[in-house]
Amino acid sequence: MARNKRAIPEINAGSMADIAFLLLIFYLVTTTMDTDKGINRKLPPIDELTEEPPPIKERNIFTVLVNSNDQLLVEDEYLEISELRAKAMEFIDNNGDGSCTYCNGYGVSTSSVNPVKAVISLQNDRGTSYGMYVKVQNELVAAYEDLREIYAENEYGRSYRSMDPEEDKEIIKAIKNAYQQKISEAEPLNIGG
Amino acid sequence: MAVIKKKKNKELPAVNTSALPDIVFMLLFFFMVATVMREVDLKVSVNKPQATEIQKLERKSLVTYIYAGSPRQKYQDKFGKTPRIQLNDAFASLDDVQPFVIQERETKTEEERPMMTMSIKADKTVKMGLISDIKLELRKAQAYKINYSSNPAKDAQALYTSGY
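Chains as they are written, first to last, in the working numbering: chain A, 1 to 193; chain B, 1001 to 1164.
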């Protein structure tokens, strides 16, 4: 019959684009693209114990003070932020007792014994700007990262920063173990608040 | 002669737009996959500091944000210019930080809780006094994993020369 031969009329898809555009604009407005990045840190738990912390020898502590004018005092010496990284690396890598086989330090008697014992102590003022604080943190973390980079190049002949966190899990662990990050933060001062 | 002149079609043929929805849908899917929902309406102005040693925050659902900075222009008559804390969509005081963290922790499952990260998004001009107070509150609330949100710097040299 002629009736059966009649084609089904095509659905008008002309407004499909309009609908899709509407959705697209909705997503453009309500979402953001920026990925969150930052410096990861761990806070110490508040311990109720009034126990004395184990004594650390003066030579194993690298003191970094930041005052309310964003100036640095490192090991009783005025320092620019650009010099901090090298100074911290020198301290961590010093290898005073010669027990660290991979260190390249000078073995100065007033600096740290070995990277395991070396502690960086950071104290800031309540008036220090957050920007400066992040910068100092960044430099101290960078000092450790740079040392790990050198270690990875020497031991494995590879770049530490370009390693894959999944594939090279074991190697990364070993490298991190060689230079353990030890940054301790003291309660802030309130002088120039 | 019997030449029949064909009448020329003067009008231009319409451009075929049947592939337009496909293109738009492709764009739409790209945006749906590549972006995330805007979390909050910022009431404080946050100009993040710069750093080079930054890590990406892995799982967005486990990150809780704490904002600190001066109130934005339109809120300044009401709240002044002193840096303040913002939690979710409202200004908050220091005492609100602990309940906020605990409340956020409640929404996560048992095994996710230790991996919860507090991201501090603060303006670089904020004084450390405020940040230290926040940090102390976080320690009290037993939220130890924190992240100082920063923008990537091109190189270390750029950090040394910039004002902050």
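Every residue gets a Cβ at the ideal spot worked out from N, C-alpha and C, and that includes glycine. Just so we're clear, the structure is a prediction, and the values are computed from it rather than from any experiment.
Can you tell me which of the three DSSP states residue i falls into?
i	result
A:D97	coil
B:K1145	strand
A:E145	helix
B:K1140	helix
A:V66	strand
B:N1016	coil
A:Y78	strand
A:R59	helix
B:R1105	helix
A:V108	coil
A:I39	strand
A:A118	coil
A:Y179	coil
A:G193	Because the pLDDT of A:G193 is 48, which lies under 50, any placement of that residue in the model is unreliable, and the question is left without a value.
A:K135	helix
B:K1010	coil
B:S945	The question about residue 945 of chain B has no answer here: the residues shown for chain B are numbered 1001 through 1164.
A:R129	For the record, residue 129 of chain A in the displayed sequence is Ser; it is not Arg. Strand.
A:K87	helix
B:K1081	coil
B:V1024	helix
A:Y102	coil
A:M16	helix
A:R161	coil
A:P53	coil
A:I11	coil
A:I46	coil
A:I92	helix
B:F1030	helix
B:S1113	Looking at the sequence itself, residue 1113 of chain B is Arg, so the reference to Ser does not match. Correct three-state label for B:R1113: helix.
B:Y1160	helix
A:E155	helix
A:E170	helix
Which residue or residues does DSSP assign as beta-bridge partners of residue i?
i	result
B:Y1067	B:Q1086 and B:K1121
B:M1037	A:T31
B:V1044	B:P1071
A:N124	A:V66
B:S1093	None; B:S1093 has no bridge partner.
B:A1051	B:P1152
A:E185	A:L122
B:K1056	A:K37
A:S72	A quick correction: the sequence has Leu, not Ser, at residue 72 of chain A. BP columns for A:L72 point to A:V66 and A:L79.
B:K1127	A:S129
Which whole-angstrom value describes the C-beta separation of residue i and residue j, a residue pair presumed to lie in contact below a C-beta threshold of 8 Å?
i	j	result
B:S1070	B:K1081	5 Å
B:F1029	A:T31	No, B:F1029 and A:T31 are not in contact; Cβ-Cβ is about 13 Å, not under 8 Å.
A:D93	A:L147	6 Å
B:L1062	B:S1119	With a Cβ gap of about 10 Å, B:L1062 and B:S1119 do not count as contacting.
A:S109	A:G98	At roughly 12 Å, the Cβ-Cβ gap does not stay under 8 Å, so A:S109 and A:G98 are not in contact.
B:A1068	B:L1020	No, B:A1068 and B:L1020 are not in contact; Cβ-Cβ is about 46 Å, not under 8 Å.
A:P45	B:R1139	7 Å
B:V1097	B:I1146	B:V1097 to B:I1146, Cβ: 12 Å. No contact.
Going along chain D in order, which residues have a C-beta closer than 8 Å to the C-beta of residue i?
i	result
B:A1122	You won't find chain D in this structure, because its protein chains are A and B.
Return yes when at least one heavy atom of the ligand ZN lies under 6 Å from the C-beta of residue i, else no.
i	result
A:M163	In the structure on display, the ligand ZN does not appear, and there are no ligands present to speak of.
The segment 28–42 of chain A contacting the segment 1041–1059 of chain B, beta-carbon criterion three pairs below 8 Å: As far as the Cβ criterion goes, the segment 28–42 of chain A touches the segment 1041–1059 of chain B, which means the pair count is three or higher.
Cβ pair count under 8 Å reaching 3, the segment 179–188 of chain A against the segment 108–121 of chain A: By the Cβ rule, the segment 179–188 of chain A counts as touching the segment 108–121 of chain A, because three or more pairs are nearer than 8 Å.
Residues of the segment 1030–1047 of chain B with Cβ closer than 9 Å to any Cβ of chain A, in chain order: Flagged, chain order: F1031, M1032, A1034, T1035, V1036, M1037, R1038, E1039 and N1047.
Chain-ordered residues of the segment 1046–1080 of chain B with a beta carbon less than 7 Å from chain A: Residues passing the 7 Å Cβ filter: P1049, A1051, T1052, E1053, I1054, Q1055, K1056, L1057 and V1063.
The segment 1145–1159 of chain B: positions lying closer than 9 Å to chain A by Cβ: So the close ones are K1145, I1146, N1147, Y1148, S1149, S1150, N1151, P1152, A1153, A1156, Q1157 and L1159.
Cβ pair count under 8 Å reaching 3, the segment 81–89 of chain A against the segment 1087–1095 of chain B: Short answer: they don't touch.
Residues of the segment 1006–1025 of chain B with Cβ closer than 8 Å to any Cβ of chain A, in chain order: Contact residues of the segment 1006–1025 of chain B toward chain A are T1017, S1018, L1020, P1021, V1024 and F1025 (C-beta to C-beta distance below 8 Å).
The segment 1099–1111 of chain B / the segment 95–104 of chain A touching (three or more Cβ pairs under 8 Å): Inter-segment contact for the segment 1099–1111 of chain B and the segment 95–104 of chain A is absent: fewer than three beta-carbon pairs are separated by less than 8 Å.
Contact the segment 1144–1158 of chain B vs the segment 144–154 of chain A: 3+ CB pairs below 8 Å: The segment 1144–1158 of chain B makes no contact with the segment 144–154 of chain A, as fewer than three CB pairs between them are under 8 Å.
Interface residues of the segment 1092–1109 of chain B facing chain A [CB-CB below 8 Å]: For the segment 1092–1109 of chain B, no residue has a beta-carbon sitting nearer than 8 Å to a beta-carbon of chain A.
Chain B contacts made by the segment 24–55 of chain A, where a contact means CB separation under 8 Å: Answer set for the segment 24–55 of chain A: L24, Y27, L28, T30, T31, T32, M33, T35, D36, K37, G38, I39, N40, R41, K42, L43, P44, P45 and I46.
Validate contact between the segment 1121–1129 of chain B and the segment 12–31 of chain A using beta carbons, cut 8 Å, 3 pairs: These segments do not touch.
Interface positions of the segment 141–170 of chain A facing chain B (Cβ-Cβ less than 8 Å), listed along the chain: Cβ contacts with chain B come from V141, A142 and E145.
Sufficient close CB pairs (3 or more, under 8 Å) joining the segment 62–71 of chain A to the segment 129–146 of chain A: Touching, yes.
Contact set between the segment 84–105 of chain A and chain B, restricted to residues whose Cβ is under 8 Å from the partner: Sequence-ordered contacts of the segment 84–105 of chain A with chain B read R85 [C-beta pairs closer than 8 Å].
Residues of the segment 53–83 of chain A whose Cβ lies closer than 7 Å to any Cβ of chain B, in chain order: Here the close residues are I81 and S82.
Selection of the segment 110–127 of chain A by Cβ proximity to chain B, strictly under 9 Å: Along the segment 110–127 of chain A, the positions whose C-beta sits under 9 Å from a C-beta of chain B are N124, D125, R126 and G127, read in chain order.
Contact list for the segment 1125–1139 of chain B against chain A, Cβ threshold 7 Å: So the list reads T1125, V1126, K1127, M1128, G1129, I1131, S1132, K1135, L1138 and R1139, given in the order they occur along the chain.
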